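Student: Top line first, the protein sequences correspond to chains A and B.
Counting in the numbering used here, the first sequence runs from 5 upward without gaps.
Counting in the numbering used here, the second sequence runs from 32 upward without gaps.
A virtual CB, placed ideally from N, CA and C, is assigned to each residue, including glycine.
Note that the coordinates shown come from a computational prediction; the quantities given were computed from them, not determined experimentally.
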Amino acid sequence: MSSKRIALRNARLIDPESGLDARGGLLIENGRIADVGPRLFNDADPSDPEVIDCGGLVLAPGLIDMRVSTGEPGSEYRETLESASNAAAAGGVTTMVVMPNTDPVIDEPSLVDFIKRRAAATARVRVVPMAALTQGLCGDVMTEIGLLREAGAVAFTDPDRTIASARVMRRCLAYAGTFNALVVGHAEDPELSGNAAMNEGEFATRLGIPAAPAMAETIIVERDIRLVELTGARYHFGQISCSAALEAIKAAKARGLPITCGVSAHHLTLNELDVGAYFTFRKVKPPLRSEADRNAMVEGVAAGDIDVIVSSHDPQAADTKRQPFAQAAFGVVGLETLLPAALTVYHNGRASLLDVLRTMTIAPAQLLGLDGGALRKGSPADLVLFDPDASFKVAADRLHSRARNTPFEERRFEGRVKMTFVGGEKVFG
Amino acid sequence: MSGAADEPILQTGHLLGIDALSVPEIESLLTLAERYVALNRAPEKKQNVLRGRTLINLFFESSTRTQSSFELAGKRLGADVLNMAVKNSSVSKGETLIDTATTLNAMRPDILVVRHQDSGAAELLSRKVDCCVVNAGDGAHEHPTQALLDALTIKRRRGSFEGLLVAICGDIAHSRVARSNIHLLSKMGARVRLIAPRTLLPADADRLGVEISTDMRKGLEGVDIVMMLRLQLERMGGAFIPSAREYFHFYGLDREKLNCAKPGALVMHPGPMNRGVEIDSDIADDVEVSLIREQVEMGLAIRMAVLDALARGLPREGRNAA
Chain A
5 MSSKRIALRN
15 ARLIDPESGL
25 DARGGLLIEN
35 GRIADVGPRL
45 FNDADPSDPE
55 VIDCGGLVLA
65 PGLIDMRVST
75 GEPGSEYRET
85 LESASNAAAA
95 GGVTTMVVMP
105 NTDPVIDEPS
115 LVDFIKRRAA
125 ATARVRVVPM
135 AALTQGLCGD
145 VMTEIGLLRE
155 AGAVAFTDPD
165 RTIASARVMR
175 RCLAYAGTFN
185 ALVVGHAEDP
195 ELSGNAAMNE
205 GEFATRLGIP
215 AAPAMAETII
225 VERDIRLVEL
235 TGARYHFGQI
245 SCSAALEAIK
255 AAKARGLPIT
265 CGVSAHHLTL
275 NELDVGAYFT
285 FRKVKPPLRS
295 EADRNAMVEG
305 VAAGDIDVIV
315 SSHDPQAADT
325 KRQPFAQAAF
335 GVVGLETLLP
345 AALTVYHNGR
355 ASLLDVLRTM
365 TIAPAQLLGL
375 DGGALRKGSP
385 ADLVLFDPDA
395 SFKVAADRLH
405 SRARNTPFEE
415 RRFEGRVKMT
425 FVGGEKVFG
Chain B
32 MSGAADEPIL
42 QTGHLLGIDA
52 LSVPEIESLL
62 TLAERYVALN
72 RAPEKKQNVL
82 RGRTLINLFF
92 ESSTRTQSSF
102 ELAGKRLGAD
112 VLNMAVKNSS
122 VSKGETLIDT
132 ATTLNAMRPD
142 ILVVRHQDSG
152 AAELLSRKVD
162 CCVVNAGDGA
172 HEHPTQALLD
182 ALTIKRRRGS
192 FEGLLVAICG
202 DIAHSRVARS
212 NIHLLSKMGA
222 RVRLIAPRTL
232 LPADADRLGV
242 EISTDMRKGL
252 EGVDIVMMLR
262 LQLERMGGAF
272 IPSAREYFHF
282 YGLDREKLNC
292 AKPGALVMHP
302 GPMNRGVEID
312 SDIADDVEVS
322 LIREQVEMGL
332 AIRMAVLDAL
342 ARGLPREGRN
352 AA
């Protein structure tokens, strides 16, 4: 952490925790936010050694991306914690929550420790690991949730697999509830979805691609809601993608169940038609859905029913993507496009900047028990300075990620990151 | 025994569970057992209470300590004791429980001590035979003599149950010992607190009139007696808890966790122990806090008291007269 003082003046401060959206300043000291507020540095120029004039751009808490895969350990050729952290810094993401589906799977306390130490040694942003919910992601035998939690795992998930057995899932939830641990679930009935590569419907029929109905997601969402009712565990649906699943979650929340959900930036911005001519960079899990479903996701964010927006960053090398659609790997890179893709909800007039940013700052921080996600005195100085209106075109060859599988190539977005701070250190800009 | 040897103690001719016992029945059994403790410590231990009577130990689940405890109790009271080796019997050839009961009944035993893996088996047998039935453990239902011997151990140390806080820790869900102890301790005026991960707590446990805690350190606060339960090996494989090491870390009784209980708190375990899984050897072997060996001694006295009590209800001229 830096011990120096940096004064940020003339910023548009946006803090979803306090609801602040006003012109003001912020003082960094010893890696933390020493002072922040609308009147700070307005009248007198700060006398600090380093002063940054923000030019009226948005200064917000650094983004927390709750769903990031890297290839470390096991397939570093796809992405390392270091290369992912470069992409994160460029995208204004100051905390990456990394998934346990590596090789080996993060299902053992010493591996949680490995991730933390590798990240501390190589990554430019904060890295917090989730651990597997079942050993080896086998869907059968629960992991040492208590010991993993003590080692630093912030939540428990088999990231892209549904635990098929309701009996196993019930016990995992009951056991996690013992430690008040957060379980992050993936909703896709494995029997019903089978080897599907995209969303079932007219377009998949025309393309002749094996497909699964959105119902495969809704069935598991509804099952897991009932299991939460039975066990009382804290449960977060990592990414939902269809309207019916959202309706079920809204109803569960209304009944007071401890359930939350997330959505991927690409499910807010793309639909099944974007698969186009077998474009494998838009093959994702869960698949891109209908336009009505996409619209429901946007509405869910606007209404606050969807708690978190994630990138679902999942770097894939060309060899696994340059394949016939059905055989190609799932996944897209997204750390660098998370903010502008999420901001489309704001630019389309559906939600305020405060509401959009909440899903990537204080909301995930509170779910995971992280100390950050807010412009709060004493909090870590993890910050993003961005121009919400600056437009740019996504170019895969200019990404900082080691992998290039962006679904947004050539897409024009508004919202450019100017600077990123982690613990008071400038890591981008 | 002298004095009140003829006073009836049990209202029914069986001991199937604690749930059905009244407080006076429990108190009488404990008082009678006190006398057998003294007797067992004397050089001459043989009694005539069950002379001419036949006791059959019918154990469908293997057990060393309970079976030998009943065997010795019967012999000390003068009974003829038969241990049925179920593994070599017609039971393993597919005979139903009721057929076995009918066969045994034809041998005209006076007392049948039964342990079975299924809840309700002792109750079923009691309806099909003419003799007294003692439940030595049925499934996850009851193990009344274990709860009685635990009560005797506590009573001798603490004098009374009133106001005591007893924690029962571990695999409550599958434990007949826990259920019998919950009934007995609650009836006698003690507070009971269950401590376990949620996967090892039975459904609606809070409806049993007990307190619940899933955090052992917090749960042990203010506790006078810590009762540990045995964790069956088959529960450790990831279905109910992820591993023995995690279980020991959060729910194994070691010095540090015991220090969360009331100073002077005592530790009990029905045995056999899994050292390093539910209990640290450091605690198990500490004679200052561990009552585990004492429990075994009380077990024999309790079983003698139970057999004595049941014998009082038997026909005087022997069953053949009937």
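#1: Whose Cβ in chain B lies nearer than 7 Å to the Cβ of Arg175/A?
#2: Name the one or two DSSP bridge partners that Gly189/A has.
#3: Does the region 170-183 of chain B come within contact of the region 205-216 of chain B, defined as at least 3 CB pairs closer than 8 Å?
#4: Residues in the region 247-281 of chain B with C-beta within 8 Å of chain A's C-beta atoms, listed in sequence order?
#5: Using a cut-off of 9 Å between C-beta atoms, extract the partners of Ile149/A located in chain B.
#6: Leu143/B: which of Glu102/B, Asp149/B and Gly125/B sits nearest, CA to CA?
#7: Label Pro104/A either buried or exposed according to how many other C-beta atoms from any shown protein chain fall within 10 Å of its C-beta, with 16 as the threshold for buried.
#8: Which runs of the alpha helix (DSSP H) at least 4 residues long sit entirely within the region 238-277 of chain A? Give them in chain order.
#9: Please go through the same chain and pick out, in chain order, the residues whose beta-carbon is closer than 7 Å to the beta-carbon of Phe2/A, but skip the five residues on each side of it.
#10: Decide if Ala399/A is buried, meaning its Cβ has at least 16 other Cβ atoms within 10 Å, or exposed.
#11: Pick helix, strand or coil for Pro346/B, following the three-state DSSP scheme.
#12: Which runs of the beta strand (DSSP E) fall wholly inside the region 161-196 of chain B and span at least 3 residues, in chain order?
#13: Rank Met299/B, Leu179/B, Gly295/B and Arg229/B by C-alpha distance to the C-alpha of Ala336/B and give the top, closest one.
#14: Label Gln263/B either buried or exposed according to how many other C-beta atoms from any shown protein chain fall within 10 Å of its C-beta, with 16 as the threshold for buried.
#15: Can you list, in chain order, the residues of the region 174-208 of chain A whose Cβ is nearer than 7 Å to any Cβ on chain B?
#16: Assess contact between the region 179-188 of chain B and the region 270-288 of chain B, defined as three or more Cβ pairs (one per stretch) separated by less than 8 Å. Is contact present?
#17: Taking only beta carbons into account, state which residues of the region 204-235 of chain A come closer than 8 Å to chain B, listed in chain order.
#18: Let's see if you can read the secondary structure: which residues bound the alpha helix (DSSP H) around Arg354/A?
#19: Determine whether the beta carbon atoms of Gln98/B and Asn88/B lie at a separation below 8 Å.
#20: Please state if the CB of Val188/A and the CB of Asp144/A are separated by a distance shorter than 8 Å.
#21: Given this structure, state the Cα-to-Cα distance separating Ala91/A from Ala127/A, to the nearest angstrom.
#22: The beta strand (DSSP E) that contains Lys422/A, what's its start and end?
#23: Can you check whether the C-beta of Ala51/B is within less than 8 Å of a C-beta belonging to chain A?
#24: Please tell me whether Ile229/A and Ala252/A are closer than 8 Å, where the distance is taken between their beta carbons.
#25: Based on DSSP bridge pairs, tell me the residues matched to Ala2/A.
#26: So, at 8 Å on beta carbons, what are the nonlocal neighbours of Ala258/A in its own chain, with the 5 sequence-adjacent residues on each side left out?
#27: Quick check: the Cα distance between Leu341/B and Phe192/B, rounded to an integer number of angstroms?
#28: By alpha-carbon positions, which one of Glu83/A, Arg36/A, Met100/A and Arg16/A ends up nearest to Pro384/A?
#29: Please confirm if Thr245/B has its CB atom under 8 Å from at least one CB of chain A.
#30: What number of angstroms, rounded off, separates the C-alpha of Val308/B from the C-alpha of Leu361/A?
#31: Is the beta carbon of Pro108/A closer than 8 Å to that of Leu358/A?
#32: Any residues in the region 124-151 of chain A with a beta carbon nearer than 9 Å to a beta carbon of chain B? Which ones, in chain order?
#33: Could you tell me whether the region 234-250 of chain A touches the region 170-184 of chain A, where touching means 3 or more Cβ pairs closer than 8 Å?
#34: Along the alpha helix (DSSP H) that carries Glu154/A, what are the first and last residues, could you check?
#35: Since Pro263/A contacts Ala256/A with CB under 8 Å, what's their CB separation in whole angstroms?
#36: Taking Gly295/B as the reference, give the member of Leu47/B, Arg189/B, Ile323/B and Leu338/B with the closest Cα.
Tutor: Judging by the given coordinates:
#1: Thr230, Ala270 and Phe271
#2: Phe241/A
#3: yes
#4: Gly268, Gly269, Ala270, Phe271, Ile272, Pro273, Ser274, Arg276, Glu277, His280 and Phe281
#5: Pro273 and Glu277
#6: Glu102/B
#7: buried
#8: 247-258 and 269-273
#9: Past the edges of chain A, shown from 5 to 433, lies residue 2/A, and the structure says nothing about it.
#10: exposed
#11: Coil.
#12: 163-169
#13: Leu179/B
#14: exposed
#15: Arg175, Ala178, Tyr179, Gly181 and Thr182
#16: The region 179-188 of chain B, when compared against the region 270-288 of chain B, does not touch it at the 8 Å Cβ threshold.
#17: Thr235
#18: Premise fails: Arg354/A is in no alpha helix (DSSP H) and is neither H nor E.
#19: yes
#20: no
#21: 11 Å
#22: Arg416 to Val426
#23: No, Ala51/B does not count as interfacial toward chain A.
#24: For Ile229/A and Ala252/A, yes; Cβs fall inside 8 Å.
#25: In the structure as shown, chain A starts at 5 and stops at 433, and residue 2/A therefore has no counterpart that could be examined.
#26: none
#27: 25 Å
#28: Arg36/A
#29: Judged by the 8 Å Cβ criterion, Thr245/B is in contact with chain A.
#30: If I take the Cα positions, the gap works out to 47 Å.
#31: no
#32: Thr138, Gln139, Asp144, Val145, Met146, Thr147, Glu148, Ile149, Gly150 and Leu151
#33: yes
#34: Ile149 to Ala155
#35: Reading the sequence as shown, one finds Ile at residue 263/A and not Pro. The pair is a contact, with the Cβ atoms about 5 Å apart (cut-off 8 Å).
#36: Checking every option, the nearest Cα to that of Gly295/B belongs to Arg189/B.
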